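Numbering (this note's numbering), first residue to last: 77 to 567.
Note that the Cβ used here is the ideal one computed from N, Cα and C, for glycine as well.
Quick caveat: nothing in here was measured; it's all calculated off a predicted structure.
Note sheet for the following structure.
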């Protein structure tokens, strides 16, 4: 009897899905597509290193292709020209996020990354109000202090001369920058174990968030148990970490009334003000704080780790970038080379950073969008309701857009030295369109300042006989491998 009930449910579900999907399938039918199975579509191929599978399909099918993930129609777009056509020229149609059932179950999509209703405009306005050039310049004082604390620790490793794992130090650095930005606090470096807990929690969540959850695409199956599924468990740990920080911030503000002055306002205090005025929910406050802590601390650190791996594997490039920095700082007493003061005088470092963004984009597939209008892109009609992927990995790793894409060649960016993306570089590491990376200005300042300072002060040496591994772990944020380096202080 149970089998009959299950069979009836499946048949009814398939009938509903077929009715809902007929229009999208018909409109999208001309778009190239790999072979797909009945019901499952291409879902069985969407596991493991998903960015590599998408890259394989791109090389077979081209810059615009269609996949079927169970009942969900998906279109994958590759390359700056196509992405610009979609997300800039048709920005309104491509702006919305695709709200998967698991994400709705996770936090109701009440955050800056996934919110689609008018509350998103409020969350974005609050965050951008702290991303002005004046605010970023003010944040440089904190970046300088954090850089000075980090090099005092790295000096000890330079004296020791033994290999050590660099990842944790850079993650702690980025975490402290974003905590100062969001809460106005940071972790003392002596509390390495305390900060390492939240760092590991962020990394675990990003890895789990990149894995497809079958019930998002085959909803007639039972929903995952939030108490057991790693995606929900890792997020619950992250919620606990951030809620503890919010509670500490609130207690501190109650004790220190001066922290409520306009000069001392943080993103968190502004979010809470919007909540008190009834403009956003409390979930919107906490979930947006989680977005900022997770994305802000993990992505910048990962970029810097990949950069140091590449420079240790390419000592001639490292020597050249050091020479450029030391020449520019010659005669200066500056220990920390800030973005605002030195970015225009260090073009080769800017090229090295751009090449790191290119070869190791952290958001390899971005965050899925949902098309809200029927649109024609590149000669193909795409239906409203289709899930849209920005294939950032292939956009950066294809011979169609870059010569010798597997090689680390900073000189390919010789004609442009700013850290942004655009038609002259084909870079899309921060995404494209009105929902690109909201923290790109802070990330650029942070990455430039720390790398300029470290590469002026130290030589980073590969302790092995073979090149350091530069193959990361797929997730919502691409994770670099744990890496041991030797550093030598340059006199």
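Should residue i be listed as close to the ligand FAD, given that the test is whether its C-beta is under 7 Å from any heavy atom?
i	result
residue 222	As far as ligands go, the structure on display features none, and thus does not contain the ligand FAD.
Quick one, which of the options has its alpha-carbon nearest residue i's?
i	options	result
residue 387	103, 222, 528, 155	528
residue 277	294, 306, 397	306
residue 253	143, 148, 353, 373	373
residue 190	509, 175, 393, 182	175
residue 227	510, 534, 557, 148	534
residue 260	294, 233, 217, 234	217
residue 431	212, 488, 390, 395	488
residue 555	283, 257, 186, 290	283
residue 379	230, 437, 198, 104	437
residue 101	353, 141, 203, 422	141
residue 477	129, 108, 103, 155	155
residue 234	548, 536, 549, 557	536
residue 145	354, 210, 518, 462	462
residue 419	520, 184, 542	520
residue 507	104, 121, 170, 202	170
residue 550	389, 186, 129, 157	129
residue 510	382, 285, 201, 149	201
residue 108	458, 542, 565, 543	458
residue 523	552, 501, 448, 425	425
residue 106	181, 456, 542	456
residue 256	332, 214, 352	214
residue 525	222, 262, 160	222
Where does residue i fall in DSSP's three states?
i	result
residue 383	helix
residue 505	coil
residue 216	helix
residue 351	helix
residue 446	strand
residue 550	coil
residue 257	helix
residue 556	coil
residue 237	coil
residue 201	helix
residue 536	strand
residue 116	coil
residue 564	strand
residue 187	coil
residue 296	coil
residue 431	helix
residue 125	coil
residue 329	helix
residue 206	coil
residue 309	helix
residue 490	coil
residue 438	coil
residue 225	helix
residue 286	coil
residue 414	coil
residue 522	helix
residue 544	coil
residue 479	coil
Kindly give me the distance between the Cβ atoms of residue i and residue j, rounded to whole angstroms, as I take these residues to be in contact under 8 Å.
i	j	result
residue 151	residue 464	6 Å
residue 445	residue 173	6 Å
residue 224	residue 401	Wrong, their Cβ atoms sit about 17 Å apart, outside the cutoff.
residue 166	residue 451	5 Å
residue 247	residue 377	4 Å
residue 517	residue 275	With 8 Å as the limit, residue 517 and residue 275 do not qualify as a contact, their Cβ atoms being about 23 Å apart.
residue 416	residue 404	Not confirmed; about 14 Å, so no contact.
residue 514	residue 162	No, residue 514 and residue 162 are not in contact; Cβ-Cβ is about 19 Å, not under 8 Å.
residue 544	residue 385	5 Å
residue 199	residue 360	7 Å
Have a look at the DSSP bridge pairing and note the partners of residue i.
i	result
residue 150	143, 463
residue 230	Looking at the DSSP assignment, residue 230 forms no beta bridge with any residue, so it has no partner.
residue 389	DSSP output for residue 389 lists no bridge partner at all.
residue 457	452
residue 40	A question about residue 40 goes unanswered here, because the residues of the chain that appear run from 77 up to 567.
ask   = Between the segment 236 to 255 and the segment 560 to 567, do three or more beta carbon pairs fall short of 8 Å?
value = The segment 236 to 255 is in contact with the segment 560 to 567.
inquiry  = Would you call the segment 107 to 120 in contact with the segment 418 to 435, where contact means no fewer than 3 C-beta pairs closer than 8 Å?
reply    = Touching, no.
request  = Please determine if the segment 360 to 370 and the segment 316 to 326 are in contact, where contact requires at least 3 C-beta pairs separated by less than 8 Å.
outcome  = By the Cβ criterion, the segment 360 to 370 is in contact with the segment 316 to 326, since at least three pairs of Cβ atoms, one from each stretch, lie closer than 8 Å.
query = Are the segment 464 to 478 and the segment 128 to 137 touching by the rule of at least three beta carbon pairs closer than 8 Å?
reply = They touch, by the three-pair rule.
query = Given 8 Å as the limit, is there contact between the segment 289 to 308 and the segment 405 to 421, that is, 3 or more CB pairs closer than that?
reply = They do not touch, by the three-pair rule.
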